[in-house]
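Participant: Taken in order, these protein sequences are the chains called A and B.
Under my numbering, the first sequence has 224 at position 224, and the numbering climbs by one with no breaks.
Count along the second sequence starting at 1, add 653, and that's the number in my numbering.
The structure follows.
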Amino acid sequence: MTTAAEKATTIFRRPRAETGFWSWLTTVDHKKIGILYGYTAFIFFVIGGAEALLLRIHLASAESNVLSAADYNGLFTTHGLTMIFLVVMPMSAAFMNYLLPLMIGARDVAFPRLNALSYWIFLFGGIFLYSGLLFSAVAPPLGVVPGIPGNLDPSDARSFGALPDGGWFMYQPNAAQEFSPSLAIDFAALGLQILGVASLISAVNFIVTFFNLRAKGMRLLRVPVFIWMTVVVAFLLLFSLPIIAIALFMVTFDRQFGTLFFDATAGGDPILWQHLFWLFGHPEVYILILPAMGIVSEIIPVFSRKPLFGYAAVVFAGAGIAFLGFGVWAHHMFSSGITTVAQVGFGLTTMTIAIPTGVKIFNWMGTMWLGRLQLKTPMWFAIGFLTMFTIGGLSGVTHAVVPSDWQQTDTYYIVAHFHYVLFGGAIFGLFGGLYYWFPKFSGRMMNDRLGKVHFWLWMIGFNMTFAPMHWLGLQGMIRRTWRYDPSLETWNRIVTVGAFIIAIGLLVFIFNFRTSKRRGEIAGMDPWDARTLEWSIPNPTPAFNFAEVPIVHGLDEFWHQKYTEDKTGRPIRKPEADEQVARLEDIGINPPEPVHLPNPSYFPIVMAAGLPLIAYGIIFHRSIAGKALIVLGVVIALAALIGWGSEPLEEAH
Amino acid sequence: MLPTRRKKLGRLLVLTALAISLASCSIIGIPDSPLNSLDPQGPFAERIDNLFWPVFWVATVVFVLVEGAMVVSLFLFRDRPGRKEPRQIHGNNKLEIMWTIIPAVILASIAIPTVRGITDLTECGADAYPIQVIGHQWWFEYRYPQEEVVTGTELVMPAGREVCATMTSEDVLHNFWIPALNGKRYLVPGQETQLRLEAFEPGTFIGQCAEFCGLSHSLMRARAVALTEDEFASWVSSQQEPAAQPAEGSEAAAGLEVFLNRCTQCHTVDPFNVVALDEFSGPDLTHFMSRDTIAGGALEYSRENLTRWLANPPEVKPGSYMPDLGLTQEEIDSLIAFLETLE
Chain A
1 MTTAAEKATT IFRRPRAETG FWSWLTTVDH KKIGILYGYT AFIFFVIGGA EALLLRIHLA
61 SAESNVLSAA DYNGLFTTHG LTMIFLVVMP MSAAFMNYLL PLMIGARDVA FPRLNALSYW
121 IFLFGGIFLY SGLLFSAVAP PLGVVPGIPG NLDPSDARSF GALPDGGWFM YQPNAAQEFS
181 PSLAIDFAAL GLQILGVASL ISAVNFIVTF FNLRAKGMRL LRVPVFIWMT VVVAFLLLFS
241 LPIIAIALFM VTFDRQFGTL FFDATAGGDP ILWQHLFWLF GHPEVYILIL PAMGIVSEII
301 PVFSRKPLFG YAAVVFAGAG IAFLGFGVWA HHMFSSGITT VAQVGFGLTT MTIAIPTGVK
361 IFNWMGTMWL GRLQLKTPMW FAIGFLTMFT IGGLSGVTHA VVPSDWQQTD TYYIVAHFHY
421 VLFGGAIFGL FGGLYYWFPK FSGRMMNDRL GKVHFWLWMI GFNMTFAPMH WLGLQGMIRR
481 TWRYDPSLET WNRIVTVGAF IIAIGLLVFI FNFRTSKRRG EIAGMDPWDA RTLEWSIPNP
541 TPAFNFAEVP IVHGLDEFWH QKYTEDKTGR PIRKPEADEQ VARLEDIGIN PPEPVHLPNP
601 SYFPIVMAAG LPLIAYGIIF HRSIAGKALI VLGVVIALAA LIGWGSEPLE EAH
Chain B
654 MLPTRRKKLG RLLVLTALAI SLASCSIIGI PDSPLNSLDP QGPFAERIDN LFWPVFWVAT
714 VVFVLVEGAM VVSLFLFRDR PGRKEPRQIH GNNKLEIMWT IIPAVILASI AIPTVRGITD
774 LTECGADAYP IQVIGHQWWF EYRYPQEEVV TGTELVMPAG REVCATMTSE DVLHNFWIPA
834 LNGKRYLVPG QETQLRLEAF EPGTFIGQCA EFCGLSHSLM RARAVALTED EFASWVSSQQ
894 EPAAQPAEGS EAAAGLEVFL NRCTQCHTVD PFNVVALDEF SGPDLTHFMS RDTIAGGALE
954 YSRENLTRWL ANPPEVKPGS YMPDLGLTQE EIDSLIAFLE TLE
């Protein structure tokens, strides 16, 4: 058997490294992949944040020339693309990857190599998107429209090269070849296409894992809320990504191959793009926020020392939000001239989303009520999530009042709203998760005092940055604006100062993360006295996760292993709890019998490398080199596929 | 225990009050922007305003209740020495039903005026005064089909009467917005959209393109000028007049020469180069001086600004389709002399 398997994998010798550089390139361990996702997303977070700071420096005065109009447009476009596709989505994916098997009592996800493939495609997609910067020389200068000479001012020359400049929403026909001849839009469209493949693969993987690999006894209504949100997001991805994939193909074909899907002069429809984009784009909003909602649903019960209030309601509300999320897309288009009936319909569906969202917020508060609140850093971030997300939710309701939205859409009021939801919501939630699960992957605790400094810097900086934007929007400051009325300068300066306070907070976090990872207090087992299965194994997590697969008897399984309740319903620690935890730690560190794990593989990273080559080839398809790149990319992907197919997941023992 | 908590609460209240009063002082201290959307000057904008404020106050009450409950629970339930373990409450179905139904009722009460607002505000009235709006990168063109008048950037309209703007775009998406008169509406190439505009009183109302439309999006400005019935009638008749012939040998005559040599690929001045509509891409300049702004609203009219614009348009508006023509100072001066005759 062994020889047969070895013969089948003659393309590469099976990778053997368990530590070091090569182990990371060939890993199929969901924990390592999760960590890779996390670090990559964090690097992009710093890049996206730097872009935001440049924008804010420019906007500190009304007639600023810090950035040229072209650079300004490029930076707000990449800031949006980066934060959505390269930060919040992969940072959520980091938690999902790391925690999905741990929280359902599994040894890995259903398809470990697919999991690795999804990460590498994501990484290469992100690099591909930014690599457009290197090809500025190939693109015609921005602002030059063929046939009209001399309409490019030298002072407008791009200092950052060819950043995509059509907005992350790439509205047609402004982002079409005629009006945005820069290649950067092609890089963005194809980059998103590649990133979509990565997300689609993990969605399938997570769904299969969720339905098949839960530990014995973990019925659907015993699954932790974060895992529920993971699978809800996976379904959202599964149903929404094909829409944007098709729409992006239409854009690429319009730009590269002369089709006319969105060209009004040839009978195409620019509004069709908006329908397709937002039919993906609105579910995308829930793809961004539901994982953070899952995270706070885990944090709040632990630090309130109470079970989640209304567990089933929270789960169903999450699923309900996701379902309704497919029926509200046109609220992004209330001023586009869609019919009266459509405006009424989408206004009403948008309002209904507030109901399950409210249910979630009330249940989180119900969990805290009468609790014994441990105000550690993760809890503060969860509280930050709750308070800030509530503001974002309420301003969201005002958009559902369609005539009001005619006034507020395309102004800073909207910018304020979605930053309250996606920064005050998603990012606060994700950082809460980072503080909470830091011991899980590092074995050490983060410094709590520095964590609180980080939290309060963000709380102050965040509100200083985004609260005034509501007012700026009501005062008529439009979005994506390189210039604004001088009467709005004072508020804009306050906003810029706020943005820098956020940046300082982030520096505190980076310092805390680095020092805690090296010298932080050793966490030991179960540092938070937590409730879910991932804490029933040692920190950092052993490679095989569970030495013995747990049997689940109820929701919050690990808590009930440690605690029983007295007559009044107050928890009493079982006398044998400490012994039980010590036993779990011992078998986690010294497993009674050897655990077989999937072997590492070269094929995921090799196959992923094929995709950007094909994409480069499409962009440069007019040249021989471009055509050759397409062929090369296809050959590499196919070869990897064959190698992958002939390589067994686990070597025979 | 209690007194310190009360003291803390008191301190918090004082701080909050201070913060709110400081914030409101600074809001009062800063003048409103000309694009302020909370200062309606016509029936449609007022209708929207009347819809916005009740919803705003409902949202504010919900905000205060939710965030208040949050702060209270932080004070009441934070862990202190001697605090007992909490009872393990798993939920309460009555509460779940309550906090599902109450928001639904609140939303329904918002939904009714919303739906009525939408149906009342989208369709133009039957006897509204028709004007066509055409978007260009980066200026708005207006046509008055009944009067055969063409102008740009400044939408002159009768006060106290509904105007029905039928809108389209020549190139990319634009979004026409005069906050004091109504909300926004897209200008879509190949399609027509409609927007109702009306001002209670004569006046000038500032507007802006709100949909990202390329390099000079932020400089694509507009204004609506509402005139009394009489003023509007005389504005129309003056717009129908062709331009006067400049006196021979004057600087304006030299400017006309420059115009005819350098500007007629894109611009028209009746009667010197009459071109069919849609045959030229720049604004009609026949009544240049009847407008207060130049360069699609990017600059107020002044000789200085006009010189700056003519000398190098892309410096004023990045990506401008009007190129740097390499005009000499002499040519610019005579061109300005000519343009200033175009009342």
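Each residue gets a CB set at the ideal place from its N, CA and C atoms; glycine is no exception.
#1: Output needed for I985(B): all residues of its chain with C-beta closer than 7 Å, excluding positions within five of it in sequence on either side, in chain order.
#2: Does the Cβ of S890(B) have 16 or more other Cβ atoms within 10 Å, making it buried, or fewer, making it exposed?
#3: What span of residues does the alpha helix (DSSP H) with R219(A) cover, start to end?
#4: Excluding five sequence neighbours on each side, which residues of the same chain lie with their C-beta closer than 8 Å to the C-beta of A139(A)?
#5: Count the other CB atoms within 10 Å of the CB of K306(A); is the residue buried (16 or more) or exposed (fewer)?
#6: Pick helix, strand or coil for R158(A), following the three-state DSSP scheme.
#7: Between the region 381-410 of chain A and chain B, which residues of the former have a C-beta closer than 8 Å to a C-beta of the latter?
#8: On a CA-only basis, which of L629(A), G610(A), A608(A), A609(A) is nearest I618(A)? Give me that one, please.
#9: Hey, could you find the ends of the alpha helix (DSSP H) F925(B) is sitting in?
#10: Alpha carbon to alpha carbon, how far is V28(A) from P542(A)? Give it in angstroms, no decimals.
#11: Less than 8 Å between the CB atoms is what I'm expecting for A875(B) and Q861(B), so what's the real figure, rounded?
#12: With 16 as the cutoff for other CB atoms within 10 Å, does M96(A) come out buried or exposed?
#13: Can you give me the C-alpha to C-alpha distance between P967(B) and P976(B), rounded to a whole angstrom?
#14: Strictly under 9 Å for the Cβ-Cβ distance: is I148(A) near chain B by that measure?
#15: Below 8 Å, can you find three or more Cβ-Cβ pairs linking the region 549-566 of chain A to the region 486-495 of chain A?
#16: Which residue wins for smallest C-alpha separation from V208(A), given the options V225(A), A582(A), F235(A)?
#17: Let me know if D405(A) comes out buried or exposed under the rule of 16 or more other beta-carbons within 10 Å of its beta-carbon.
#18: Tell me the residue span of the alpha helix (DSSP H) that contains H940(B).
#19: Does chain B have any CB closer than 9 Å to the CB of D156(A)?
#20: Name the two residues that bound the continuous alpha helix (DSSP H) containing G358(A).
#21: Hey, how far is the Cα of M363(A) from the Cα of M810(B)?
#22: Can you tell me which of the three DSSP states Q407(A) falls into?
#23: If you compare alpha carbons, which of L248(A), I227(A), G167(A) is closest to E534(A)?
#24: Closer than 8 Å, Cβ to Cβ, to anything on chain B: give me those residues from the region 362-377 of chain A, in chain order.
#25: What number of angstroms, rounded off, separates the C-alpha of G950(B) from the C-alpha of G347(A)?
#26: Can you have a look at G147(A) and say buried or exposed, based on whether 16 or more other CB atoms are within 10 angstroms of its CB?
#27: Is DSSP giving P301(A) helix, strand or coil here?
#28: So, with DSSP's three-state summary, where would you put P600(A)?
#29: For P329(A), which residues in the same chain have their Cβ closer than 6 Å to its Cβ, ignoring the five residues on either side in sequence?
#30: According to the Cβ coordinates, are F428(A) and R56(A) closer than 9 Å?
#31: Exposed or buried, Q343(A), counting other C-beta atoms within 10 Å across all chains shown (16 or more means buried)?
#32: Going by the DSSP bridge assignment, what does T564(A) pair with across the sheet?
#33: Here's the rule I'm using: 16 or more other beta-carbon atoms within 10 Å means buried, otherwise exposed. How should A676(B) be labelled?
#34: Scan the region 726-754 of chain B for residues whose Cβ lies nearer than 8 Å to a Cβ of chain A and list them as they occur along the chain.
#35: Here's the rule I'm using: 16 or more other beta-carbon atoms within 10 Å means buried, otherwise exposed. How should N828(B) be labelled?
#36: Cα-Cα, which of D773(B), P687(B), L840(B), N745(B) is closest to G337(A)?
Facilitator: According to the structure data:
#1: T960, L963, A964
#2: exposed
#3: Element bounds for R219(A): n/a, residue is neither H nor E.
#4: For A139(A), the pLDDT reaches just 42, beneath the cut-off of 50, and the residue's location in the model is therefore unreliable, leaving the point undetermined.
#5: buried
#6: Its pLDDT being 43, under 50, R158(A) is placed unreliably in this model, and the coordinates cannot settle the point.
#7: I383, L386, T387, T390, I391, L394, S395, V397, T398, A400, V401, V402, P403, S404, D405, W406, Q407, Q408, T409, D410
#8: L629(A)
#9: Looking at the DSSP string, F925(B) is not in any alpha helix (DSSP H), and its letter there is neither H nor E.
#10: 14 Å
#11: 7 Å
#12: buried
#13: 7 Å
#14: Residue placement at I148(A) cannot be trusted, given a pLDDT of 40 that sits under 50; the coordinates are not used to answer.
#15: no
#16: F235(A)
#17: buried
#18: Careful: H940(B) lies outside any alpha helix (DSSP H) and carries neither H nor E.
#19: In this prediction, D156(A) scores a pLDDT of 41, lower than 50, which makes its location untrustworthy; the coordinate-derived value is nonetheless stated afterwards. Chain B contact via Cβ: present.
#20: 340-368
#21: Looking at the sequence provided, one finds Asn at residue 363(A) rather than Met. Each residue's Cα considered, the two are about 54 Å apart.
#22: helix
#23: I227(A)
#24: F362, N363, M365, G366, M368, W369, L370, G371, R372, L373, Q374, L375
#25: 34 Å
#26: Below a pLDDT of 50, predicted positions are generally treated as unreliable, and G147(A), at 38, falls in that range; the measurement from the model is reported next regardless. Under this definition G147(A) is an exposed residue.
#27: helix
#28: coil
#29: A small correction: the amino acid at residue 329(A) is Trp; Pro does not occupy that position in the sequence shown. So the list reads W278, L279, H282, once near-sequence residues are dropped.
#30: no
#31: buried
#32: I572(A)
#33: exposed
#34: S726, L727, F730, R731, D732, R736, K737, E738, P739, R740, Q741, I742, H743, G744, N745, L748, E749, W752, T753
#35: buried
#36: L840(B)
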